[in-house]
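Since the structure comes first, as C-alpha cells, the remarks are kept for the end.
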Amino acid sequence: QIVSTTDAAFEFMQKSLLHIQAGCLGADIATLTREALQYLIDEELVVQTRATDNETPEEKCFLQVTPLGNATFKGSIDHIYSGQLYKDLNKAKESLNLSTYLHLLYLVTPYDMSGSVVPDWKVYFDQYCKLKDIELKTAGAIGVQENYLGLRAAGHKPRAKVCELTIQRFYLSLMLWDLWNQKSVWEVANRFSQTRGFVQNLLTQAASFASCIFHFCKELEEFWAYQQLLEHFIKKLTYCVSIELLPLMEIPGVKLARAKMLHAAGYKSISVLASAEVNNLVQSVEHLSKRTAQQIIAAAKVIHF
Numbered sequence: 001q002i003v004s005t006t007d008a009a010f011e012f013m014q015k016s017l018l019h020i021q022a023g024c025l026g027a028d029i030a031t032l033t034r035e036a037l038q039y040l041i042d043e044e045l046v047v048q049t050r051a052t053d054n055e056t057p058e059e060k061c062f063l064q065v066t067p068l069g070n071a072t073f074k075g076s077i078d079h080i081y082s083g084q085l086y087k088d089l090n091k092a093k094e095s096l097n098l099s100t101y102l103h104l105l106y107l108v109t110p111y112d113m114s115g116s117v118v119p120d121w122k123v124y125f126d127q128y129c130k131l132k133d134i135e136l137k138t139a140g141a142i143g144v145q146e147n148y149l150g151l152r153a154a155g156h157k158p159r160a161k162v163c164e165l166t167i168q169r170f171y172l173s174l175m176l177w178d179l180w181n182q183k184s185v186w187e188v189a190n191r192f193s194q195t196r197g198f199v200q201n202l203l204t205q206a207a208s209f210a211s212c213i214f215h216f217c218k219e220l221e222e223f224w225a226y227q228q229l230l231e232h233f234i235k236k237l238t239y240c241v242s243i244e245l246l247p248l249m250e251i252p253g254v255k256l257a258r259a260k261m262l263h264a265a266g267y268k269s270i271s272v273l274a275s276a277e278v279n280n281l282v283q284s285v286e287h288l289s290k291r292t293a294q295q296i297i298a299a300a301k302v303i304h305f
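Residues in the sequence shown are numbered from 1 upward in steps of one, following UniProt numbering.
So, in C-alpha cells, the structure goes:
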C-alpha cells in the first residue's frame with residue numbers, strides 16, 4: 001500500500017509526472033486528487049475513516065482498501081466495471097444455470113467491447129430463436145426477453161426499460177456461443193456481419209477477462225463457487241475445443257488439428273501417449289513424421305511422469 005492517509009495521497013501526487021506537467025496541461029493536482037479519492041470511496045473500492053469523531057482534519061483521514069478494491073487490483077479488473085461485475089456475479093450466484101455454458105460465457109463477455117458493435121436486430125432475434133429451451137431460460141435469467149428482441153427486429157422501439165449493457169453483451173455472448181460450439185471464426189463473422197479480426201479479438205478478450213474474473217473471485221469468499229467453475233472453463237474457452245481434447249493440447253506443439261487426429265487414432269490421454277511406441281504413432285496418425293512423434297511422446301512423458 002503506497003499511501004494510508006489522505007494527506008499522504010496528496011503528497012504522493014506532488015511527486016508524480018502529472019505534477020511536473022501540470023502547468024502545461026492546466027491541471028489542478030489537488031482537485032484531481034480529491035476527485036479521484038472521492039470516486040474510489042463512492043465505488044466502495046476504498047473506505048475513509050477518522051481517528052476520532054470530528055477531531056481529525058480531512059487531510060489526516062485514514063484510507064483502507066476494501067475487499068472489492070483488493071479483488072479489483074488482484075484481478076486486474078478495470079475499476080470502471082468492477083462494481084458492475086460484482087453485481088452481475090452476485091445476481092448470477094442465485095440463478096446460475098449450470099445446464100449450459102451459455103451463462104458462464106455471458107459473465108465473461110468483456111464489458112468494454114459491448115459498445116464496439118451495433119446489434120443487427122434481425123440477426124440477433126434469429127439467433128435467439130435458435131436457442132434451446134434451457135438456453136432461453138438462461139437468457140431470461142440474464143434479462144434478455146423474446147418480446148423485446150422481436151420488436152427491435154421488426155423496427156420498433158419497445159417502451160419497456162431494459163439494461164442496454166446487458167442486451168449488447170448478450171449479443172456478443174451469442175458470437176462466443178457459436179465459437180464454443182465449434183463454429184469457425186469465418187462462419188461466426190459471416191453470420192453476424194463482423195470482420196474475422198473482431199471475432200477473433202472477442203474470443204481472445206473473453207478468455208483474458210475470464211482469467212481476470214477468476215483472480216477477482218479468489219479474493220472474495222462469497223464467490224468461492226466461481227473459482228471452481230472458472231478454472232477448467234478458461235482452458236476450454238481459450239482453445240474453444242471439446243473437453244476431451246484439452247489434455248492433448250497441453251502437450252507443446254500439439255494444436256487443435258493434431259489433437260483431433262491423435263484422439264481419433266485412439267491416443268485420447270497424455271498417459272496413453274507417454275507409453276506409445278514411435279513407429280505405431282507414425283503409422284496411426286497421417287502426415288506425422290518420426291521426429292515429431294518422438295517429440296510428442298517425450299513431452300507427454302515429461303507431463304505424465
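Don't be surprised by glycine CBs; every beta carbon is placed ideally from N, CA and C.
Whole alpha helix (DSSP H) elements within the UniProt domain "POLQ-like helical" (85 to 237), 4-residue minimum: 102 to 107, 121 to 129, 133 to 142, 146 to 153, 164 to 180, 185 to 191 and 196 to 218
Three CB pairs or more closer than 8 Å across the segment 145 to 153 and the segment 207 to 222: No, the segment 145 to 153 is not in contact with the segment 207 to 222.
Member of Gln64, Gly115 and Leu105 whose CA lies at the smallest distance from the CA of aspartate 178: It is Leu105.
Beta-carbon proximity list for proline 247, same chain, < 7 Å, skipping 5 on both sides: Ser269 and Ile270
Touching by the beta-carbon criterion (3+ pairs, under 8 Å), the segment 186 to 205 and the segment 220 to 228: no
Glycine 155 at chain B interface by Cβ criterion, 9 Å: No chain B appears in this structure, which consists of one protein chain only.
Backbone CA spacing between threonine 238 and tyrosine 128 [nearest angstrom]: Their Cα atoms are separated by approximately 24 Å.
C-beta atoms of cysteine 163 and glycine 140 nearer than 9 Å: no
Residues sharing a beta bridge with phenylalanine 62, DSSP: Thr5 and Thr49
Contact under 9 Å by Cβ, residue 333 with serine 4: Since the first residue of the chain shown is 1 and the last is 305, residue 333 is not available in this structure.
Coil, strand or helix - proline 252 by DSSP: coil
Cut-off 8 Å between Cβ atoms - residues of its own chain near serine 173, not counting five sequence neighbours on either side: Leu102, Leu105, Tyr106 and Thr109
Neighbourhood of cysteine 217 by C-beta distance below 6 Å, restricted to the same chain and skipping five residues each side: Phe223, Tyr226 and Gln227
Proximity below 9 Å, CB of glycine 75 to CB of valine 46: no
Beta-carbon spacing of alanine 265, alanine 300 below 9 Å: no
Terminal residues of the alpha helix (DSSP H) in which glycine 69 lies: Under the DSSP assignment, glycine 69 falls in the alpha helix (DSSP H) whose first and last residues are 67 to 74.
Element boundaries [alpha helix (DSSP H), containing isoleucine 77]: Here isoleucine 77 belongs to no alpha helix (DSSP H), and DSSP marks it neither H nor E.
Cut-off 7 Å between Cβ atoms - residues of its own chain near leucine 131, not counting five sequence neighbours on either side: Ala139
Extent of the continuous alpha helix (DSSP H) run through aspartate 28: Here aspartate 28 belongs to no alpha helix (DSSP H), and DSSP marks it neither H nor E.
Secondary structure of histidine 287, DSSP reduced to three states: coil
Euclidean distance between Cα positions of valine 285 and tyrosine 267: 10 Å
Nonlocal neighbours in the same chain, by C-beta distance under 6 Å from alanine 276, ignoring five residues either side: Ile297
Best match in Asp133, Glu135 and Pro119 for proximity to arginine 169 [C-alpha to C-alpha]: Pro119
Cβ neighbours of glutamate 219 in the same chain (closer than 8 Å, five flanking residues each side left out): Pro67, Asn70, Ala71, Lys74 and Gly75
Glycine 266, DSSP secondary structure in three states: In the structure shown, glycine 266 sits in coil (DSSP, three-state: anything other than H, G, I, E or B).
Cβ neighbour criterion (16 or more within 10 Å) applied to glutamine 14: exposed
Whole-number beta carbon distance between alanine 9 and leucine 37, since they are thought to touch under 8 Å: 6 Å
Whole-angstrom distance between glycine 253 and lysine 290, CA atom to CA atom: 14 Å
Selection from Lys161, Ser114 and Glu244 that minimises the alpha carbon distance to asparagine 201: Ser114
Reduced DSSP category for glutamine 294 - H, G, I as helix; E, B as strand; rest coil: helix
Minimum C-alpha distance to glutamine 194 - residue among Thr292, Val123 and Ile134: Val123
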